[in-house]
Amino acid sequence: MLLDKTVRKNLDGEYIVIHANQLKEGVEYAKHLKIAQIQIRGFLGHENTESKVDFKEFEKLSDYLKIISLSTIENVINIESIYSLQNLEKIYLEKQKFSIDISNFHKIKHLGTEYWKGLVNFNEAYSLQSLVLTKFSNTNLRELSKLQNLKVLHVYNSKIETLDGIENLPLEELALVKNNSLENIQAIKNLEILKDLLIEKCKKIDDYESIEEIKDKVNVRIIK
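If you count the sequence shown from 1, you need to add 847 to reach our numbering.
Here it is in structure tokens:
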């Protein structure tokens, strides 16, 4: 298969797509372009689907890569080499079979991820300003309480029952979507600088009194 050399654009800027079985060639091309964003996707085609995906290749991009997106990748070796990407500011992750310690990325500002047990220490990535979390398995958000730079939080399709843990965060934007176990949203009234709130299809919430208290200063959208 020929390497896809198309330079695409999204809200984060220019990027290229690299399939896992073309990681070496794709990284070389990204290095040639000095591009700041790459998307790593699964194996292309049906050839060499058992071949190893060597993350050591990422070391070649450590100087200028700022944004990475990882689809579910199989057969990874030298996983620790991803930590060479110390200029990463935005990371997008699907569920992986390996563990990744988010606190090792000291410049990270945004994390968009599906939660799995191998997602380690994202609650200790203290530089995080924005977090989009899907399928979070905890019943509360206390694990986020130390993220004192967090301004934007979106939680989707998760098992949270309460928002306990966010009351002292400097949140300006909060989105809660399809969290079907969520009932207690009292913590919202303690978010003193909140500007935007979206609650969508969280079917167990029936007490919106705490929301009424903040409607005069917060842009509130409730979609039942």
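Note that beta-carbon positions come from the ideal geometry of N, C-alpha and C, so glycine has one too. Note that the structure is predicted; figures quoted are calculated from it, not measured.
Residues bridged to residue i [DSSP beta-bridge criterion]
i     : result
Q886  : V864 and S916
L792  : Only positions 848 to 1071 of the chain appear in the structure, and residue 792 is not among them; the question remains open.
T981  : E961 and Y1003
T1009 : N1031
I924  : D901
Which of helix, strand or coil DSSP assigns to residue i
i     : result
E1020 : strand
E1079 : Any question about residue 1079 goes unanswered here, given that the chain covers just 848 to 1071.
S974  : coil
G959  : strand
Y876  : helix
N951  : helix
L1038 : coil
L966  : strand
L994  : coil
Y832  : There is simply no residue 832 to check, as the chain begins at 848 and stops at 1071 in what is shown.
I929  : helix
L870  : helix
Limits of the beta strand (DSSP E) - the one that residue i falls within
i    : result
K856 : R855 to N857
Enclosing alpha helix (DSSP H) for residue i [first to last residue]
i     : result
K937  : Here K937 belongs to no alpha helix (DSSP H); instead the beta strand (DSSP E) covers K937 to L940.
I1058 : E1056 to E1059
Contacting residues, own chain, Cβ-Cβ under 6 Å from residue i (five flanking each side not counted)
i     : result
I1035 : S1057
L917  : I887 and L940
E990  : N970
Same chain, Cβ closer than 8 Å to residue i, neighbours up to 5 away in sequence not counted
i     : result
N996  : Y973, S974, L975, Q976 and P1017
K1070 : The displayed chain sequence assigns Ile, not Lys, to residue 1070. The residues are L1045, I1046, E1047 and K1048.
Close-in-space but distant-in-sequence residues of the same chain around residue i (CB under 7 Å, 5 per side omitted)
i    : result
K942 : T919, E961 and W963
K904 : It is Glu, not Lys, that sits at residue 904 in the sequence shown. Hits under 7 Å: L870, K871 and V874.
Next item on the list: Would you check if the segment 898-911 and the segment 936-944 touch, i.e. whether three or more CB-CB distances between them fall below 8 Å?
Entry: The segment 936-944 is not in contact with the segment 898-911.
Note to self: So, does the segment 955-965 touch the segment 978-997, judging by three or more C-beta pairs under 8 Å?
What the structure shows: Result yes; three or more Cβ-Cβ pairs closer than 8 Å.
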